[in-house]
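Here the sequence shown is numbered in this note's numbering, starting from 346 and rising by one per residue. We put the beta carbon where it would ideally sit given N, CA and C, even for glycine. Before any comments, here is the structure.
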Amino acid sequence: MIQSLIPEEKLTLVEQALLQAFNTATVSDIIQLTGGLSSSLVYKIIVNDRPYVLKLDKEINPYSAMEPTCAELAARAGVSPPIYYLNHAEGISVTGFVNPIPLRTAYTSSDLLIKELAGTIRAIHAIPLFTKENNLLETVDGLIGGFKISKMLSGPVFDECDHYYGIIRKHYPWHDEDKVSSHNDLNPNNMVCDGQKIWVIDWDAAFKNDRYVDLAIAANFFVHTAEQEEQLLQGYFGDSLSEYNSSRFFIMRQITNIVYAMLMFKLADSSKVPGTAHDPEMQHVNLKEVMEGLGTGKLDLGSYQGQLLYGKAIFNEGLKNMRSPRFTLSIDSLAAGLLK
């Protein structure tokens, strides 16, 4: 069964992993899973009539065996499913599988969903601080720079976005030392509910980071009104919530909009049929309509068209917000905070 999907060079190691974890190497079913930012091979397997996730890392960190990984720390904290087998040296892990219920189905009211999201993000940020880290500013600069070099799309709206990003770049507190353990990709595919609680999966993009990254990414998927934003921030910060927190959150939402747009453009550029040109039309691509298309299956994020339109829609959403009076007010708040 597993021979059909597992790379030949990993097959013996996988069988050894299953024997150690479950006293059997018999797998009654195996399905390859896709999605997320991870480059790893991920499978749902059935062993002894129970589902598990088998993950084979393509890139192995030679130092990972010296300290717990982000996924291990998250599992110990009860934020991610339990780990049944882990081999750092070979990049093989077996974890619990959560049969997902869509969050909007599990939590029938937006109030309850926002409350649970705030609690989940608080739990992530309470995990002992990850040692793995990255430079957020360099990451954003690199994605924007790569997009410009590709020349896949250009025009006045991209110049305008570049202008606003220049303002953000100047005033955002990139070097704030108040860091937390951060997941960095809290999209709906990585937050699964079993009917009781939200489990967070796919920790490959996790590292020590700015707390506003997780808040902003989750909000960009689930928060659509001022009231919902207030609920999320109040649920996370409690009585300490300030205007500065709200301003920094708003600016980070635009940073993450830019980041996700650049990632989708990069995917679309690699999916494009060679010799064809990208459609430069930006004006009429609306996030609400694109999300409806994705929800009904009319658009597919696995396709070139879905990737391009979703990237354009996120980009336009961020640009719309950066054109708003709140952007200037938020930048002023950050500037005042930096002067303190």
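Quick one: Cα of L482 to Cα of I489, how far?
Near 11 Å, if we compare the C-alpha coordinates of I489 and L482.
Using only the alpha-carbon positions, how far apart do E626 and S499 sit?
10 Å
Whole-angstrom distance between D555 and D521, CA atom to CA atom
8 Å
Counting C-beta neighbours from all protein chains within 10 Å, is the total for T465 16 or more, i.e. buried, or is it exposed?
buried
Starting from the N-terminal side, write out each stretch of the alpha helix (DSSP H) that is 4 residues or longer and does not extend beyond the region 548 to 588.
556 to 567 and 571 to 582
At which residues does the beta strand (DSSP E) containing T453 begin and terminate?
Element bounds for T453: n/a, residue is neither H nor E.
Identify, in the order they occur along the chain, each residue of the same chain with its Cβ nearer than 6 Å to the Cβ of C506, setting aside the five sequence neighbours on each side.
Excluding sequence positions up to five before and after C506, its CB lies within less than 6 Å of the CB of L664, all in the same chain and listed in chain order.
Name the two residues that bound the continuous beta strand (DSSP E) containing L474.
Looking at the DSSP string, L474 is not in any beta strand (DSSP E), and its letter there is neither H nor E.
Tell me the rounded alpha-carbon separation between R539 and I446.
Inspection of the sequence shows that residue 539 is occupied by Asp rather than by Arg. Looking at the two C-alpha atoms, the distance is approximately 6 Å.
Ignoring anything shorter than 4 residues or poking outside the region 582 to 632, list the alpha helix (DSSP H) runs there in chain order.
588 to 616
Measuring CB to CB, does L653 end up less than 9 Å from D645?
Taking 9 Å as the cut-off, the beta carbon of L653 is found no closer than this to the beta carbon of D645.
In DSSP terms, what G441 is bridged to
DSSP, once it has assigned bridges, lists Y397 as partnering G441.
Reduced DSSP category for M536 - H, G, I as helix; E, B as strand; rest coil:
strand
Among L560, Y589 and Q576, whose alpha-carbon lies nearest the alpha-carbon of T601?
L560
Residue burial classification, I390 (beta-carbon count within 10 angstroms, cutoff 16)
buried
Looking only at its chain, what residues have a beta carbon closer than 8 Å to the beta carbon of N432, apart from the 5 residues adjacent to it on each side?
L358, A362 and S438
Does Q599 pass the burial test, meaning 16 or more other C-beta atoms within 10 Å, or should it be called exposed?
Its Cβ being crowded by 16 or more others within 10 Å, Q599 is buried.
Please determine, among E572, S587, P670 and V618, the residue with the shortest C-alpha to C-alpha distance to I459.
E572
Measuring straight from C-alpha to C-alpha, what distance separates Y581 and Q377?
35 Å
Using the rule of at least 16 other Cβ atoms within 10 Å of the residue's Cβ for burial, across every protein chain shown, is V618 buried or exposed?
exposed
Measure how close the beta-carbons of S401 and P473 come, nearest whole angstrom, since I'm counting them as under 8 Å.
Looking at the sequence shown, residue 401 is not Ser but Leu. No, L401 and P473 are not in contact; Cβ-Cβ is about 26 Å, not under 8 Å.
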